[in-house]
Structures are given as C-alpha cells and as structure tokens.
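To start, the structure under review is shown below, and the notes come after it.
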Amino acid sequence: MSDLTTHTGHTPQAEPVANYLSHARGLRSWLFTLDHKRIGVMYLVSVLASFLLGGILALLVRTELLTPQHTVMGADTYNIVFTLHGATMIFLFIIPGVPGSIGNFVLPMMLGAKDVAFPRLNLASYYMWLIGAVFTLIAIAMGGVDTGWTFYTPYSTTTNSAVIPVVVGVFIIGFSSIFTGINFIVSIHKLRAPGMGWFNMPLMLWALYATSIIQVLATPVLGITLLLLIAERVLQVGIFTPAYGGDPVLFQHFFWFYSHPAVYIMILPAFGIISEIIPVFSRKHIFGYKAIAYSSIAISVLSFLVWGHHMFVSGQSPLANAIFSALTFAVAIPSAVKVFNWTATMYKGSISLATPMVYALGFLFLFAIGGLTGLFLGTLSVNVHLTDTYFVVAHFHYVMFGGTVMAFLAAIHYWWPKMFGRMYNQLAGQIGALLIFVGFNATFFPQFVMGSQGLPRRYYNYPEEFEIFNVFSTLGAYLTAVGFLLVAGMLIHSLFRGRPAPANPWGAETLEWKTPSPPTPENFESPPTAGDPYDYSRLAYEPEIGGYVEVPARTGEVA
Amino acid sequence: MGEPRQPPADAQHGEHAANHDPYLAHHFDTPEQQFDSVKLGMWIFLTTEILLFSGLFCAYAVFRANHPEVFEWGHRYLDVTLGGINTVVLICSSLTMAWSVRAAQLGQQRLLKICLAATLIGGCAFLGIKYVEYKHKWEAGLLWAGQYNPTHGLDAAGEAGLHGPAPEAAANPAPQGAAPDAAGVAPAAGTAAPAAAGQAGTTPGATRPAEGPLPPAESVDGVQIERTLNPPPGEAPTGLRLDSRAGVPHLMPAEAPRQLWWFFGIYFLMTGLHGIHVIGGLGAISWLLARSFKGTFGPAYYIPVDLVGLYWHLVDVIWIFLFPLLYLIH
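Keeping their order, the protein sequence lines are chains A and H.
Quick note: the first sequence uses this note's numbering, first residue 1, plus one each step.
Quick note: the second sequence uses this note's numbering, first residue 1001, plus one each step.
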C-alpha cells in the first residue's frame, strides 16, 4: 500500500514501478478496490466463469441433440438447460462481458484518465452483477427455469419453474449495466486527455459510447418489464395474463424494446475492438474514421426502432410489420459501412497475422454471414417461414458468437500483455483461434440448413432426416470446446511462464500503450497528450525489447 | 453528444488543487470538472428513471386506448381531494428542497436543516395520505386482477367512507367540473370537446347524435351521490360511448366493467413504484439531514444536496403526471 505514494514527485524512469496488480495485495485489496483496472480484471474473471458455465450448458444441449430421441436427458431437463444456457450467456456473459471487462480496463487509459468518472459506482456495478449472478445460481439450485431466456408470457407466469429468482437476478444485473453506461458516458464527456477532441478518440471509445447510450436508455425498460413480470407472477396484476384479459404481446413489445437494443450492446463494443485491432496489425491508418464513428451512433439510434421485427408473426399489424422490416434493413447500412472500412483499412496494409488479428479476420468473416442472414430474417415473407427455426439460432450465434465472442477473444489476446504484463505463445494462440473458427462454423452452419428446411428451434426431438446435420453440429461444438481449452491453457500458462510484455508490443498508438505493462495504479506518470490514435509513423519495432517504441528516443520503460 | 470539444481543464493546476480540496476525488483535475461530471451522471440517471416509468406509462396508454370505459369507471373510485392535497404537498416539498440547495450553496446551515426537515415532513405526509387511499382500496377489494374482490359491493364501498370525513358528494364530481376539456382523454371526444366543455358530465351526448339519445338529465340529482361509485350507464361522457375506430357503439355497461382490475392494477403499479421512489428519496434526504447536522455542506461542497434535490424534483414531476392520468380522467 505504501507504494501508492510513489506516483508523484520524482521521475520514475528507471526505478521499478509498482503496477496495479502488485501495489497492494490480499483479497480485501481486490474486493474493495476502486481501480478500474482491477474491477475490469474481476469482471473478466467473472464473465469468463459465466461463459464456462454457459458453454457447458451448450455442450449439454448439443449432446442431447446428437440423436433424434432421448440421448442424455429428459425433455423437461432439456428445456431448463437451453433456457439457462441462453440466460447465462446473454445476461451474465455477453451483455456485461466486453464493456465490463475490456471496457473498464481500457476506457480510462484510452482517455488518458486516472479512472472512470465514478469509481465507486463502478465497483457497485460489479457487485450488482455478482448479486444477479447469485440469484441465477439460486434459480439453478431451485431446479432451473424453463421459459427460454425471453421469459415470454403467459408461459412465464404459469410455469412452476424458478422464474422469479432468474428475473430478479436479471433485474439486478440491469443496474450493473446502467451503472457502467453512466460511468462510460460521463468519463468520455469529461475525462478526455488534453488534445483529445471527439474525433481524436480511439474508435473503441466511440463504440463504448454508443453502447453506453443503449445501456442507459434501454435497460430501464427491461427493468420495468421484469418488475411487471414479477408483479404478474406474484400478484396477478392482469397486464400480461390472458386469463385476466391481459395482453401477452405487450410483454413481447416491452421485452424486445430492451432486448433488441441489447443485441447492439453486445455487438457494438466488438465493433470497437475490431476498429482498434485491424489498423494496428495492418500498420495502416484506419480508413474512414468518421464514418465508423458515426455508424456506431447510427446503430445505437436505429437499435431502438427495430424491436418489432421479433413479432412479425405475433399478430402485429401489416403496416407495423412493413415499417419494422424497412428499419431493420436500414441497420445493414451502418454495419456495412464498418465492414467496408475495415476491409479498406487492410487494403495494401502490411498485415501481420498475430493472434488478435486472426480473431479479427474471423470476426469479419463470421459477422458478415451473421449480418447478411439477418436480412433474410428481416424480410417479411421469408421471416414467416424462418421464424423460430434453427435458421434464427444460427443467425444470432453467428452474430453473437462469431461476432462478439470472436472480438472478445481478439480483445483478450490484444490487451492481455497490457493487463497482465505477459506475452503468450503466438503459435498456440493462432491454432486456438483456428480451432474455434472451424469448430464454430461446423456447429452453426448446419443449423442454417436445418432451419431453412423448417426444423423449429428448442425442440427436444427431431425427424431423423436432420440427424446428420445435428451430429455435424454437435461434433463442431466439441471441436470449439477443444479450441477454448487450448486457448485457456495457453493464456494461463503465459501468466506464469510468459515473456514479460513490453509497454507497446503491437505498435499501437492509443494511449493505453503509453503506460508500462501492466500499468501503474494511476495509469500515467504524467498526464498524456493525445494525438492521432491511428498514426503509426512515429513507432518503430525494437527487437531488443520485443515491442514498439517511439522513434524520437524515449526507450525502454519496461525492459 | 453534447459539447463538441471540451478537453478537460489542464491537469497541472489540478495536481495541486487535489492536495488541498478534501472533496476532490483523485481522478479529477479540478472541482469544476468533478461537479460537471457528477451533475451529468445524475441527469443520465434521472433519464433512466424516466424510462423506468415509461414502461408503465406505455401500459397505461395501451390499456386506456383499448378500454377507455375501464379507466372512466375506475378513476371515480379515487379521491381527487386527497390526490390534490398530495400534489400540493409534493410541490411544496419540492420548493423546500430547492430552497435547501440554495441554503447549502450560501452556507446557511440553520435554513438548510429547516428546509431539509420540511422536505422530509412533506414526503412523509405524502406517504401518509397515500396510505389512507391505499387502505380504502384494500378494504373495498378494489385491487389488481389477482386480488380484485369488491366484496363490499360498489355502493357499499362508497358508503363505507371512501373519503372518510371528506364530503364525498363534493369530492367526486369535482373532476367533472374541474377538468371540463375532455379532448385529450378519449379518442372519440376530440371534435366534441369545445361543445362539451360547458356541460361536461351532464349532457355530453348532445354533441354526438349518432349515438342515439342520452338518458335525460333528470338523473343528475341522483348522480351527485351515485356517481361517486356507481354511475348509471347514461352518464358516461360522450367520448366513451363510441369506439370511433371500430365504429361500433360502445355503451357504458350498466355495471362496472368486469375488468376494472386493469385500472387498479395500473394504479397500484404506478403509484406503488412512485411510492418506492418517494421512500428512497426520504432515505436520501434523511441522510442529508444527518450530515447537515455535522455541518458537512457549504458553498465549497453541496453536490449531494444538489443531486438529491434533482432526484426529488423528478419524483415530484412524475407524480404531476400520475395525478391527472389517474385521478382527473374525464
């Protein structure tokens, strides 16, 4: 703790500086920390644990679907398992995932700030997440919930499974999301380093800003929806229950008014990550900075206007359907703007296939498929055929897994040296990325075929003609799992045996790379000034330290 | 997306300021930057609060648009007098809250404590009156769907002292006279509003010949009492008699609509959520009061008073929307 005081006064050029991991020790120093980096790490560990839980549940689902009939579990158990898989992955992992872990860790440093605007709120956000997760675990202990992660009424108000603990948990996690959003918006508005105008910000910050807008504006609506659902279950308020003349479709409207924007909470930070990684590993200035920045905002605005496309067959008026369909198509425009700009960034770049870049390329490929199949689903006539089939499942897994998870993995590999001060084995990282990429496609591509042939999602049994696709899909899931195990082992190994990371191993120009790896508790010894975050001309590779340095002198902050 | 370019104030001065100002968090450069940040954060939080309530307002809008007669019937069970008093109480407490912010800014410790205490009392009074209203609904079984059980009978409920000591005959027709403009309320009433304004509640059907003759006004006398709880069918305001979109005559039923529970469900949800926010606000104000006895607040540091003040005004504003939407339907 005494090391805390060393950050001011003398120039800490040569002396070994205490970093944020080592300056204080013990469990309490973590549990009560206000340091955004530590909170980011706690989030990282927690969401990855959730990812593991959700992943195991996914493997159970896939294993059950290996044969057309009963394989390893009964039909009721199957309902519970896929519901928990969805709820865990969505609410515990993917929504808080990137903003909570990566966002918390890098956002203040990218801004050149010492912390987020409200550190205590930040810690509260983490504990809200934790409490919500505990409620979810309680629900599992109480026998699970079998409504599907969407909690559609009237089933969710009549089933005997543990709906309330899960819903309460998700409600609490909503606060976590809101707190993070408030923190990020205020930090970006007020804590930018001198010289950092809005259009000097790294694109990751634009993406996180757009994400935060959605978190702040959409999550409260989910909150009230879930409160109404609880009221409906506990008190029978009569708003959603048809038996009392209530309107179940109203629940769907409320739910998707949040949950569609939530899809962009999941994917927008991924866009930010990719916008950081592609120029760095192409050694080329990002192409179309403003277009990417504005498209993030455009997506967050459009995200509020398309929720009705989840209800094309729920009895919505044809006019509303047509409008929602058109608006859904409109989302393709800013999304495509981004993809084209990333592609243009790589054009004639000096591309290196380091692990983060491998994931980023995988992201481009998979997100393109996921996004384009979204247009199929947004088309009214096709949607009638595809609603609630495996096509939908494949589509959103291509976006969520192929998009967000690939980007999340890219981010973990990209910022790993900064977070923990260790380099990992590139070859193992690349092989892991390849395994996950292949395994993922093997898992979900057959589901497009099954869906277009009309196999409904969430079914326990299926006709035998689909068996070959399901077997392929399940084997793909196992392959993905092997890939993840390899990645996890490689990263954990690097923590102990990895080569110490230089301050700037990849040659990035954003501010977080101008601190040592790992950073000092207050991030910067002296307040940094911001320049163009994508101008790499002043950086040169220095083989001695295995990283990049600024050309006009200033060598070796961490040797 | 507010300001285009506003790099934070230069940090060199901030480093020194940080050492002097005990209230300046380490990661802010200047007190101004901290104040602006905190204020912005609070406003964003208030936005989320509004959006939290927006779901209920949406539910209200949907149900009212689809079933105007339920709301028309339901609101008559609410006591406008008590609701009105509560509105005044809340507005006054907002005034004292704003005043306490001013007192904190000027360092007037005594005034600060008085104003905070007055706000606290106002909030408690609001909850007390709300309790009286809830208690009546509870006793009358006028609750949400699952508990809807008007066992005392609708008339009995009225006689059982809906308004306690308040003169009920005066209390209930009040909205009829006080809010004569029905234009915004029922979809079909738009065109009829000017004409109906003068005679609201009595012979509204005159402007709507298509619906057939209304019962004559001879029942008016009886209505003064009866309407409180059980208005006869002919007395429905004009806008509610015709579902303009369907073009189907939609007569008020002779008895209370069966699904009156929608109104009470929404009533309890909205006022209940609002009440929870009042309780939260009271907690925050108590905390402020406790700290103000320690002399924490002054011109150099009044952010908490300011923020709680903003929150309290929001709670007030939400009630100002709830009151007409629930009590003053016409």
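Backbone N, C-alpha and C define an ideal beta-carbon position, used for all residues, glycine too.
Here the structure is a predicted model, which means the values were calculated and not measured.
Given a cut-off of 8 Å on the beta-carbon distance, is the pair residue i and residue j in contact?
i: A/V145; j: A/V163; result: yes
i: H/W1319; j: H/L1090; result: yes
i: H/Q1108; j: H/G1295; result: no
i: H/Q1033; j: A/K190; result: yes
i: A/P119; j: H/H1027; result: yes
i: H/R1339; j: H/F1071; result: This structure cannot settle anything about residue 1339 of chain H, because the visible part of chain H is limited to 1001 through 1330.
i: A/A210; j: A/I277; result: no
i: A/T404; j: A/V98; result: yes
i: A/A360; j: A/P269; result: no
i: A/P518; j: A/N104; result: no
i: A/Q430; j: A/V384; result: no
i: A/V571; j: A/M400; result: As shown, chain A starts at 1 and ends at 559. That puts residue 571 of chain A outside it, with no answer to give.
i: A/M109; j: A/T515; result: yes
In chain A, which residues lie less than 7 Å from residue i when you measure between Cβ atoms?
i: H/D1036; result: K190
i: H/Q1033; result: K190
i: H/G1141; result: Within chain A, no residue comes near H/G1141; the closest Cβ sits about 14 Å away, beyond 7 Å.
i: H/G1265; result: V237, G238, I239
Which bits of chain H does residue i rub up against, with CB to CB less than 9 Å?
i: A/T570; result: Limits of chain A in this structure are 1 at one end and 559 at the other, which puts residue 570 of chain A out of reach.
i: A/L228; result: G1055, L1056, A1059, L1269
i: A/G245; result: H1067, A1145, R1258, Q1259, W1261, W1262
i: A/P220; result: T1047, T1048, E1049, I1050, L1051, L1052, F1053, S1054, G1055
i: A/V216; result: I1044, F1045, T1047, T1048, L1051
Residues of chain H with a CB under 7 Å from the CB of residue i: which are they?
i: A/K114; result: H1026, H1027
i: A/I185; result: I1044
i: A/A117; result: S1037, G1041
i: A/A231; result: L1269
i: A/F254; result: G1055
Between which two residues does the alpha helix (DSSP H) containing residue i stretch?
i: H/P1072; result: The sequence given here has Glu at residue 1072 of chain H, not Pro. Its alpha helix (DSSP H) spans residues 1068 to 1074.
i: A/G288; result: Per DSSP, A/G288 belongs to no alpha helix (DSSP H) and is neither H nor E.
i: A/G169; result: 163 to 190
i: A/K418; result: 406 to 420
i: A/T122; result: The sequence shown places Asn at residue 122 of chain A, rather than the Thr named in the question. Counting along the chain, the alpha helix (DSSP H) containing A/N122 begins and ends at 119 to 141.
i: A/H260; result: 248 to 282
i: H/K1137; result: 1109 to 1140
i: A/Y78; result: 75 to 87
i: A/E512; result: Careful: A/E512 lies outside any alpha helix (DSSP H) and carries neither H nor E.
i: A/T343; result: 318 to 346
i: H/A1105; result: Here the sequence assigns Gln to residue 1105 of chain H, which means Ala is not the residue at that position. H/Q1105 -> alpha helix (DSSP H) spans 1080 to 1106.
i: A/R38; result: 36 to 64
i: A/S29; result: 27 to 31
i: A/M311; result: No alpha helix (DSSP H) contains A/M311, which DSSP labels as neither H nor E.
i: A/Q69; result: Taken as a continuous stretch (DSSP letters only), A/Q69 belongs to no alpha helix (DSSP H), as it is neither H nor E.
i: H/I1329; result: Taken as a continuous stretch (DSSP letters only), H/I1329 belongs to no alpha helix (DSSP H), as it is neither H nor E.
i: A/G370; result: 355 to 378
Just to make sure I have the definition right: I need the residues of chain A whose C-beta is within less than 8 Å of the C-beta of residue i. Which are they?
i: H/F1321; result: The contacting residues do not exist; H/F1321 stays about 15 Å from chain A at best.
i: H/V1062; result: D247, L250
Applying a beta-carbon distance threshold of less than 8 Å, which residues of chain H neighbour residue i?
i: A/Q236; result: W1144, A1145, G1146, Q1147
i: A/P261; result: Residues of chain H passing the Cβ test: none, with the nearest at roughly 11 Å.
Beta strand (DSSP E) containing residue i: first to last residue?
i: A/A540; result: 539 to 542
i: A/G547; result: 547 to 550
According to DSSP, residue i sits in a beta bridge with which residue or residues?
i: A/P500; result: A/R422
i: H/G1298; result: H/Y1301
i: A/T389; result: A/P456
Could you work out which residues of chain A lie near residue i, taking near to mean beta carbons separated by less than 9 Å?
i: H/L1120; result: The premise fails here: H/L1120 is roughly 25 Å from chain A at the closest Cβ pair, so nothing lies under 9 Å.
i: H/V1317; result: Those do not exist, as H/V1317 stays about 16 Å from chain A at its closest Cβ, beyond 9 Å.
TODO: Would you be able to state if there are at least three C-beta pairs under 8 Å between the segment 231 to 251 of chain A and the segment 1049 to 1067 of chain H?
DONE: Yes, since at least three Cβ pairs between the segment 1049 to 1067 of chain H and the segment 231 to 251 of chain A fall closer than 8 Å, the two stretches touch.
Open item on the list: Between the segment 340 to 357 of chain A and the segment 389 to 399 of chain A, can you find at least three pairs of beta-carbon atoms closer than 8 Å?
Closed with: no
Open item on the list: Between the segment 42 to 53 of chain A and the segment 89 to 107 of chain A, can you find at least three pairs of beta-carbon atoms closer than 8 Å?
Closed with: yes
Open item on the list: Under 8 Å, with one C-beta from each stretch per pair, do the segment 470 to 482 of chain A and the segment 51 to 71 of chain A reach the 3-pair mark?
Closed with: yes
TODO: Could you tell me whether the segment 442 to 455 of chain A touches the segment 135 to 155 of chain A, using the rule of 3 or more Cβ pairs below 8 Å?
DONE: no
TODO: Specify whether the segment 1079 to 1098 of chain H and the segment 1114 to 1128 of chain H touch according to this definition: at least 3 beta carbon pairs, one from each stretch, less than 8 Å apart.
DONE: yes
Open item on the list: Three or more C-beta pairs under 8 Å: does that hold for the segment 532 to 543 of chain A against the segment 278 to 287 of chain A?
Closed with: yes
- [ ] Give a yes or no on contact between the segment 406 to 423 of chain A and the segment 494 to 502 of chain A, applying the rule of three or more CB pairs nearer than 8 Å.
- [x] Judged by Cβ distances under 8 Å, the segment 406 to 423 of chain A makes contact with the segment 494 to 502 of chain A, as three or more pairs qualify.
TODO: Could you say if the segment 478 to 489 of chain A and the segment 431 to 444 of chain A meet the contact criterion of at least three C-beta pairs nearer than 8 Å?
DONE: yes
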